[in-house]
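Step one of this worksheet: look at the structure below.
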Amino acid sequence: MSVHKVRPDIRVLNDSLEVPGIGHLPVNAFVLLAAQPVVIDTGLGLPDRNFLEAVGSVVDPADVRWIWLTHPDRDHTGGIFDLLAAAPEARVVTTFLSAGIMSCERPLPLDRLYLLNPGQSLDVGDRTLTGFRPPLFDNPATVGLFDDRSGVCFSSDCFGGPMSSAELAHADDVRAVAVDDLRAAQLLWATIDSPWVHTVDVQKFLGTFRLLRDRDPELILSTHLPPAPGVTGVMIDTLGSAPGESAFMGPDQAALEQMLAGFEPTGGGNQPAPGSPV
Numbered sequence: 001m002s003v004h005k006v007r008p009d010i011r012v013l014n015d016s017l018e019v020p021g022i023g024h025l026p027v028n029a030f031v032l033l034a035a036q037p038v039v040i041d042t043g044l045g046l047p048d049r050n051f052l053e054a055v056g057s058v059v060d061p062a063d064v065r066w067i068w069l070t071h072p073d074r075d076h077t078g079g080i081f082d083l084l085a086a087a088p089e090a091r092v093v094t095t096f097l098s099a100g101i102m103s104c105e106r107p108l109p110l111d112r113l114y115l116l117n118p119g120q121s122l123d124v125g126d127r128t129l130t131g132f133r134p135p136l137f138d139n140p141a142t143v144g145l146f147d148d149r150s151g152v153c154f155s156s157d158c159f160g161g162p163m164s165s166a167e168l169a170h171a172d173d174v175r176a177v178a179v180d181d182l183r184a185a186q187l188l189w190a191t192i193d194s195p196w197v198h199t200v201d202v203q204k205f206l207g208t209f210r211l212l213r214d215r216d217p218e219l220i221l222s223t224h225l226p227p228a229p230g231v232t233g234v235m236i237d238t239l240g241s242a243p244g245e246s247a248f249m250g251p252d253q254a255a256l257e258q259m260l261a262g263f264e265p266t267g268g269g270n271q272p273a274p275g276s277p278v
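In UniProt numbering, the protein residues as written are 1 to 278.
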């Protein structure tokens, strides 16, 4: 994982995954260096990601007081139990539904939960964090947040987009991506991550952006996008057109078999079976 300093008090813990046929998807978590330090999401559940080490490069895990879980998908919960063990004073900010979903695999300790719904706020010493429901989401438990001191919006999956290269997925500013490429990536992700967007009442859907337009955050930090300063209005306009985009259709079995065939040894002739003498 790489670490980007995007504000004096905000770090992006940046990771990515290559998704065949889609691109390189950023997977970010965040550290908010408030009076009571906050970790927002906990990265991928893969053994080589060293999430706790990345947190430790920013703040002593023992000093973390809050872990804001935007929703309980595996790319947001990878390091949560390691962090809970290393941060004995920390509580997990999440929803009743999110905690319930987690209980199907490994329950969160109930005495360390802090249940917070969209519209409710949390005082972390030197600022207030206010939860909100992002306009696009893939999990009904999703709660993003506004940092009322810095004005930064943490949008969870909303505004995400796969990048064309690993280098761009690890960029520290989304403006490194060409404008047309960013628009295409965000609309693709909207149709993948929120396929219900094709069934909405368009006017009601556009109304869900009102809170973002009113707050007009100068910086949006999405789980699946490089940090996005100064482009909030443009990105809102992009996502507002998502209901009119073509529905995403993933590869079928024939495409999978063609992909697998590309991995087979080449050079002609019969290949020895695994384990057989050459």
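Ideal Cβ positions, reconstructed from N, Cα and C, are used throughout, including at glycine.
A quick note: this is a predicted structure, and the numbers were derived from the prediction, not measured.
Measure the Cβ-Cβ separation of residue i and residue j and say whether it is below 8 Å.
i, j, result
"proline 135", "threonine 208", "yes"
"phenylalanine 137", "aspartate 157", "yes"
"serine 2", "histidine 170", "yes"
"valine 31", "valine 55", "yes"
"glycine 79", "threonine 42", "yes"
"phenylalanine 81", "arginine 65", "no"
"threonine 238", "leucine 187", "yes"
When you compare each of the options to residue i by their alpha carbons, which one comes out closest?
i, options, result
"aspartate 111", "Leu188, Thr94, Phe205", "Thr94"
"leucine 17", "Ser165, Tyr114, Asp123, Thr128", "Ser165"
"leucine 219", "Gly23, Ser98, Val58, Val234", "Val234"
"valine 231", "Ala242, Phe263, Cys153", "Cys153"
"alanine 86", "Asn117, Phe51, Ser103", "Phe51"
"serine 150", "Leu168, Thr130, Phe159, Pro162", "Thr130"
"proline 226", "Arg213, Glu167, Leu212, Val202", "Glu167"
"proline 162", "Ser98, Ser222, Ile10", "Ser222"
Taking 8 Å as the limit between beta carbons, can you name the residues of its chain near residue i, skipping five residues before and five after?
i, result
"proline 274", "Summary for proline 274: the model assigns pLDDT 47, below 50, so the residue's position carries little reliability, and this model does not support an answer."
"serine 246", "Thr191"
"proline 217", "Phe146, Gly151, Val152, Cys153, Thr232"
"alanine 62", "Ala86, Ala87, Pro88, Glu89"
Does the CB of residue i have a neighbour CB from chain B at under 8 Å?
i, result
"arginine 74", "Within the model displayed, chain B is absent; a lone protein chain is all it includes."
Going by beta carbon distance, what residues of the same chain come within less than 6 Å of residue i, once the five residues before and after it are set aside?
i, result
"alanine 228", "Val174, Ile220"
"valine 202", "Pro243"
"tyrosine 114", "Arg91, Val93"
task = Count the C-beta pairs between the region 182-190 and the region 45-57 that are closer than 8 Å, then say yes if the count reaches three, no if not.
result = no
Entirely enclosed alpha helix (DSSP H) segments - the region 134-193, minimum 4 residues:
166-169, 179-193
Determine, using beta-carbon pairs with one atom in the region 169-176 and one in the region 35-43, whether at least three such pairs fall under 8 Å. no
Q) Would you call the region 144-156 and the region 64-79 touching, i.e. three or more CB-CB distances under 8 Å? A) yes
query: Hey, is the region 196-210 in contact with the region 234-244, meaning 3+ C-beta pairs nearer than 8 Å?
result: yes
Problem - Secondary structure, beta strand (DSSP E): runs of 3+ residues fully inside the region 18-82 - result: Residue ranges of uninterrupted beta strand (DSSP E) with 3 or more members, entirely inside the region 18-82 and ordered along the chain, are 23-32, 38-40, 66-68.
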